[in-house]
Structure formats: C-alpha cells, structure tokens
Amino acid sequence: MPSDPSSLAALSDPPPGGGDSSGAPAARRRRKDARPSELLAAALELFAEKGFAATRLDDVARRAGVSKGTLYLYFDSKEAVFEALVRTLIVPNLDRAEALVRDHRGPVAPLLRQLIELLIAVVRDQRIVVLPRLLIGELYKFPELARFYRRNVVD
34 MPSDPSSLAA
44 LSDPPPGGGD
54 SSGAPAARRR
64 RKDARPSELL
74 AAALELFAEK
84 GFAATRLDDV
94 ARRAGVSKGT
104 LYLYFDSKEA
114 VFEALVRTLI
124 VPNLDRAEAL
134 VRDHRGPVAP
144 LLRQLIELLI
154 AVVRDQRIVV
164 LPRLLIGELY
174 KFPELARFYR
184 RNVVD
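Quick note: the sequence shown, position 144, residue 177 per the working numbering, numbers continuous.
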C-alpha cells in the first residue's frame, strides 16, 4: 500500500506489469495485487459520500468491481477497512513529520517550514481529511474506532 500521502491515487491504479513464476497472466496478477488499494479507494469514496455507518461492505465491493467475498479476503470488517485507511493515509504523514524532527540539525526555522508544508499538503488532500471528519461526525457510534485512531494518530 502507498506510504506517501500524494500516492493515495495509487489506491486505484494497478502497479506496473512484470512477470513472476506463478504462471498467472500478468494482467490478472496486477489486478490481484492492486485489489486492496482498489477496495480502500472505493471505501474512502463511499465513506465520504455516505458516512461510515451508512456504508455497507456490499457497496464497497460493488464500487470496486469485486464480489463481497473477494473483499473479505482482504478485510474482515468495515472497521478493518477504516483502520487500513488510517494506516495508509495518516500514519505515513505522522512518520514523515517525526522523521523530519528526529533527523533535523541546525536552526529551528527551516524545520518549522518543512513541518508547515507537510501540514498544508495533508490538509489540502481531501482524501486524508475524510477520516477525521468521519470520526468527528460518527465518533459516538464507534468508540472502538475512536480508540484505534487515538492510539495510532493522536498518541
């Protein structure tokens, strides 16, 4: 899965081709390799449109062009999809910010500029801001997701 915030578009783009020794056609392998990203992209779109509570895994599978059974090969619940989105979209940005601070030597002003640039990029990325909005709007219905978000993002 992509770790760079600007690469979330890759959630729905199949990876480049290439062969392996599995014997499966390259196009089918690419599709299978891309499925988790396709599923996450479909889920994110639906979460943004309908909210977390109103989105069904059937809807996600349909939007991604797969069966519900295929979706369950990758994610065992809607909550697992949400958690994967947090790990894909938000956590890498936190890791980047922490690395900037950890590796910085010298005056603070350049570090602050880099952190502000990262923050601006995150806030401008509509795919990323969907998740905190979902939590704010539906937090009371899904306390376990709120705890997951706090453990992985806030703390």
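We put the CB at the ideal spot given by N, CA and C, even for glycine.
### Message
Rounding to the nearest angstrom, what Cα-Cα distance links L144 and V134 in this structure?
### Response
7 Å
### Task
Go ahead and pull the three-state DSSP assignment for V99.
coil
### Message
Let me check understanding here. Comparing Cα to Cα, which of R146, I123, L164 and R180 lies closest to E78?
### Response
L164
### Query
With L151 and R180 assumed to form a contact (beta carbons below 8 Å), what rounded beta-carbon distance in angstroms separates them?
Actually they do not touch by this definition, with Cβ atoms about 26 Å apart.
### Query
R135 lies in the alpha helix (DSSP H); which residues open and close that run?
V124 to D136
### Message
Under DSSP, the alpha helix (DSSP H) around Y182 begins and ends at which residues?
### Response
P176 to Y182
### Query
If we count the other Cβ atoms within 10 Å of its Cβ and call it buried at 16 or more, is E131 buried or exposed?
exposed
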